[in-house]
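> Following this message is one structure expressed as structure tokens.
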Amino acid sequence: MSDSIFTKIKNKEIPGNIVYEDDQCFAIEDINPQAPVHILIIPHKEITKVSDTSSEDKDLLGHLLYVSKKIADRYDLNDNYRLIINNGAGAGQSVFHIHVHLMGGRSLEWPPG
Ligand code: AMP
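Numbered according to this note's numbering, the sequence shown terminates at residue 143, and the numbering increases by one at each position without gaps.
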């Protein structure tokens, strides 16, 4: 299978702004931001979506949330931000390499639609 668009950004094959990287994941600025801060937190492992994970991915999934929190702190979002994972095309997923959306910097309505 060919690399996802996010992996290509990580590998600098296509442009993108990488704002964080560790041994398990990396984070980029969303190309079409829906809030003043809109970052995507992405595992190096190319899991397609949450519903395709297994018990071996538990720690990695937790790590993605913890890194999201660390990045939110770095952007001074304090305790006002939203973390979203779209699962499946019917739920709005368009890139099939699991990622957490971190959005903040404005007030966010609920429900999201
Ligand atoms: P989702 O619809 O949940 O799969 O989210 C995919 C996200 O990836 C969207 O918010 C897109 O704006 C974003 N995206 C798509 N292509 C790129 C890219 N080349 N660089 C950065 N973000 C991208």
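Using N, Cα and C, we set each Cβ at its ideal position, and we do this for glycine too.
These figures come from a predicted structure and were not determined experimentally.
Assess, as a yes-or-no matter, whether the stretch 64–73 is touched by the stretch 90–99 under the definition of 3 or more beta carbon pairs within less than 8 Å.
yes
> Here's the rule I'm using: 16 or more other beta-carbon atoms within 10 Å means buried, otherwise exposed. How should Ser81 be labelled?
exposed
> Give every residue of the same chain whose Cβ lies closer than 8 Å to the Cβ of Val125, excluding the five residues on either side of it in the sequence, and list them in chain order.
Ser34, Ile35 and Phe36
> Which of the three DSSP states, helix, strand or coil, is assigned to Ile48?
Under the three-state reduction of DSSP output, Ile48 falls in the strand class.
> Return helix, strand or coil for Phe36, following the three-state DSSP convention.
helix
> My output table needs one value for Ala65: the three-state DSSP class, helix, strand or coil.
coil
> So what does Leu132 bridge to, in DSSP terms?
Ile69 and Leu113
> Hey, would you say Arg112 sits closer than 8 Å to Leu138, going by beta carbons?
yes
> In three-state DSSP terms, what is Ile58?
strand
> Smallest Cα separation from Asn116: which of Phe56, Ile101, Leu107 and Lys79?
Lys79
> Tell whether a beta-carbon distance below 8 Å holds between Ala57 and Ile101.
yes
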